[in-house]
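Novice: Input: one structure, supplied below.
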Ligand code: BTN
């Protein structure tokens, strides 16, 4: 399988291989000689790579004379383990991993321009400039959430690309339910909510000609194991851990989500927008009969949600006014 090209800032392959080896054999002491043999590094440099891992916050126990081990299976997203979980899947081929990057969407955008193929995945343990919709920041605490972006090259008209946001929401909803038993609410177009608090979000960006999409990047952020949020988010954000009281294995959730997303994506490409609209409406109670405030930047009004158009736009019966089609903007519930 073709290895992804190395990209500045991505996790060194030897480091990733060392991490995978230690993770797959957690609690077992592995000698420096075996590590050297299986990761392709020289025996004399194994300890230096172990130090690198420790600097990145991975608790590697042991020493040069005896060998090294991890006390428990770490919840780290090693690209090799993800690829193994996604064998044969569209998203299991090209995986770029960062311990830290600005935004996985920015990296994926650059890779899109550089000609990387459909299915490329960019993931990070932490983002320093994670982005959300409407220019908002996305809180990306190290190792606590899932922060990743997939690159797609679908044959779609630009107007259909936003359906991919809804599609990713549908897949994330299913993966979270399967893994954690949590039934999230999908709030049009891109929010995953639990009891009015945000648990995840999707940011889709594209590069297109007037009539055709060149590529789309779908960035997904999910609050998984956060115990606490900064004060400004504390009342509006939640995580799977806060909702269930349990830690979730992020790699497992990511693999489930991408597995589900591949099959949903294929259905969308073969069956068309109807599949997305129907599925979204069947999951989201938000799309009908909810009193909402719509903020478009130039206009703000209150109304009641009245379903989706065949293109996936939200209909809102404006109070004392006509039926509105929301193309873009913020929609929040008014209680
Ligand atoms: C939103 O709810 O406003 C969208 C949030 C999207 C966050 C994800 S995290 C991975 C990817 N990289 C980013 O900078 N943003 C998306």
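Numbering (the working numbering), first residue to last: 604 to 938.
Here a beta-carbon is modelled for each residue, glycine too, at the ideal position from N, C-alpha and C.
(1) Can you find at least 3 beta carbon pairs, one from the segment 806-816 and one from the segment 827-834, that sit closer than 8 angstroms?
(2) Would you mind giving the Cβ-Cβ distance between residue 821 and residue 755, rounded to the nearest angstrom? I have them listed as a contact below 8 angstroms.
(3) Taking only the alpha-carbon atoms, compute the straight-line gap between residue 684 and residue 619 and give it to the nearest angstrom.
(4) Looking at residue 802: is its Cβ nearer than 7 angstroms to the Cβ of residue 787?
(5) May I ask which residues mark the beginning and end of the beta strand (DSSP E) holding residue 927?
(6) Excluding sequence positions up to five away, which residues of its chain have a Cβ less than 6 angstroms from the Cβ of residue 790?
(7) Just verifying my parser: in three-state terms, what is the DSSP assignment at residue 903?
(8) Across the segment 736-756 and the segment 713-728, are there enough close Cβ pairs to call them in contact, namely three or more that are closer than 8 angstroms?
(9) Examine the Cβ distances between the segment 911-922 and the segment 763-780 and report whether three or more of them are shorter than 8 angstroms.
(10) If contacts are defined as beta-carbon pairs under 8 angstroms, then residue 771 and residue 823 qualify, I think. What distance do you get, rounded to the angstrom?
(11) Residue 675 bridges to which residues according to DSSP?
(12) When you compare only the Cα positions, how much space is there between residue 667 and residue 854?
(13) Which whole-angstrom value is the C-beta distance of residue 933 and residue 902, which I expect to be below 8 angstroms?
(14) How about residue 738: is its Cβ closer than 6 angstroms to a heavy atom in ligand 1?
(15) Is any non-hydrogen atom of ligand 1 found closer than 6 angstroms to the C-beta of residue 667, if you look at the structure I gave you?
(16) Throw me the rounded Cβ distance for the residue 677 and residue 626 pair, which I believe falls under 8 angstroms.
(17) Tell whether a beta-carbon distance below 7 angstroms holds between residue 865 and residue 673.
(18) State the Cα-Cα distance for the pair residue 686 and residue 860, rounded to the nearest angstrom.
(19) Please determine, among 695, 647, 851, 656, the residue with the shortest C-alpha to C-alpha distance to residue 748.
(20) So, using beta-carbon positions, are residue 705 and residue 728 closer together than 7 angstroms?
(21) Let's see if you can read the secondary structure: which residues bound the alpha helix (DSSP H) around residue 776?
(22) Just to confirm, is the Cβ distance from residue 891 to residue 937 under 7 angstroms?
(23) Check for me: the beta strand (DSSP E) holding residue 857 runs from which residue to which?
(24) Report yes if the C-beta of residue 806 is less than 6 angstroms from at least one heavy atom of ligand 1; otherwise report no.
(25) If you follow the beta strand (DSSP E) that residue 935 is in, where does it begin and where does it stop?
(26) Can you list, in chain order, the residues of its chain whose CB lies under 6 angstroms from that of residue 621, leaving out five sequence neighbours each side?
(27) What are the partner residues of residue 898, as DSSP defines its beta bridges?
(28) Near residue 650, which residues of its chain fall below 6 angstroms by C-beta distance, leaving aside the five closest residues on each side in sequence?
(29) Does residue 632 pass the burial test, meaning 16 or more other C-beta atoms within 10 Å, or should it be called exposed?
(30) Secondary structure at residue 683, three-state DSSP: helix, strand or coil?
(31) Using beta-carbon positions only, say whether residue 730 and residue 750 come within less than 7 angstroms of one another.
(32) Could you spell out where the alpha helix (DSSP H) holding residue 600 opens and where it closes?
(33) Mind reading off the beta-carbon distance from residue 722 to residue 696? Whole number of angstroms is fine, and I expect it under 8 angstroms.
Specialist: Reading from the atomic positions:
(1) no
(2) 7 angstroms
(3) 10 angstroms
(4) yes
(5) 926-929
(6) 796, 889
(7) strand
(8) yes
(9) yes
(10) 6 angstroms
(11) Looking at the DSSP assignment, residue 675 forms no beta bridge with any residue, so it has no partner.
(12) 29 angstroms
(13) Not really, about 11 angstroms apart at Cβ, beyond 8 angstroms.
(14) no
(15) no
(16) 6 angstroms
(17) no
(18) 13 angstroms
(19) 851
(20) no
(21) 765-783
(22) no
(23) Careful: residue 857 lies outside any beta strand (DSSP E), inside the alpha helix (DSSP H) at 853-874.
(24) yes
(25) 933-936
(26) 642, 652
(27) 903, 933
(28) 667
(29) exposed
(30) helix
(31) yes
(32) With the chain running from 604 to 938 in the structure shown, residue 600 is simply not present.
(33) 6 angstroms
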